[in-house]
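Numbering (numbering that gives the first Met the number 0), first residue to last: 0 to 161.
This report refers to the structure that appears directly beneath it.
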Amino acid sequence: MPQKSTGRLARYIPTVQLFSARLVLFHQKMAEKVGLTGTEFKCFRLLEQLGPLSMTALSREVGLKVGTVSGLIDKLEATGFVVRQRDETDKRRLVLVACPEASARASSLYEEHGEAMAALLETYSEAEFNLLLTFLTDIGNVLARTASTASEELIPERSSAP
Numbered sequence: 000m001p002q003k004s005t006g007r008l009a010r011y012i013p014t015v016q017l018f019s020a021r022l023v024l025f026h027q028k029m030a031e032k033v034g035l036t037g038t039e040f041k042c043f044r045l046l047e048q049l050g051p052l053s054m055t056a057l058s059r060e061v062g063l064k065v066g067t068v069s070g071l072i073d074k075l076e077a078t079g080f081v082v083r084q085r086d087e088t089d090k091r092r093l094v095l096v097a098c099p100e101a102s103a104r105a106s107s108l109y110e111e112h113g114e115a116m117a118a119l120l121e122t123y124s125e126a127e128f129n130l131l132l133t134f135l136t137d138i139g140n141v142l143a144r145t146a147s148t149a150s151e152e153l154i155p156e157r158s159s160a161p
């Protein structure tokens, strides 16, 4: 097992905190342009990438209670971002599907940003680029696992006692 490097973690933390803050604020601005909150917009973008998903699966993915996600989906459905459809494999179940028109509209927000990112990515070698993709995939998986357990750990169950 590799030895932990506290020096790397100490260098990583401030860099990732600044990156994270800037990324969250950037996506919040994108969400505002289409009339959504950051969380609503990110739930929609997750459905684009991972969907169709059941309400329960999306809830697990984002680390929010099903009732909270249900409210988000109600708004996304009312604003034309998401539709509920019968699951192809189990007709009794509903799944959430991102609307293609809304996906096109959301993607258009990123055109200028995409051009800048394409230029930046071309400055990396193929090996460096593959390492970046591996790192982002790995850290995304760690974040998803953390998010799915965070609400369970932080929100105590209600007592049935009066």
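Virtual Cβ for every residue (Gly too), placed ideally from N, Cα, C.
Item to check | Burial state of V81, where buried means 16 or more other Cβ atoms lie within 10 Å | outcome: Under this definition V81 is a buried residue.
Checklist entry - Quick one, which of T55, A97, P13, T88 has its alpha-carbon nearest K74's? => result The option with the nearest alpha carbon to K74 is A97.
Checklist entry - Roughly how many angstroms lie between the CA atoms of V94 and H112, to the nearest whole one? => result Taken atom to atom, the span from the alpha-carbon of V94 to that of H112 is near 31 Å.
Checklist entry - Under a three-way DSSP split, which group does L132 fall into? => result It is helical.
Checklist entry - How would you call V15, buried or exposed, if buried means at least 16 neighbouring beta carbons within 10 angstroms? => result V15 counts as exposed, since fewer than 16 other C-beta atoms from the protein chains shown sit within 10 angstroms of its C-beta.
Item to check | Inside the segment 66-105 only - beta strand (DSSP E) runs reaching at least 3 residues | outcome: Complete beta strand (DSSP E) runs here, min 3: 81-85, 93-97.
Item to check | Classification of E125 by the beta-carbon crowding that lies within 10 angstroms, buried from 16 upward | outcome: That one is exposed.
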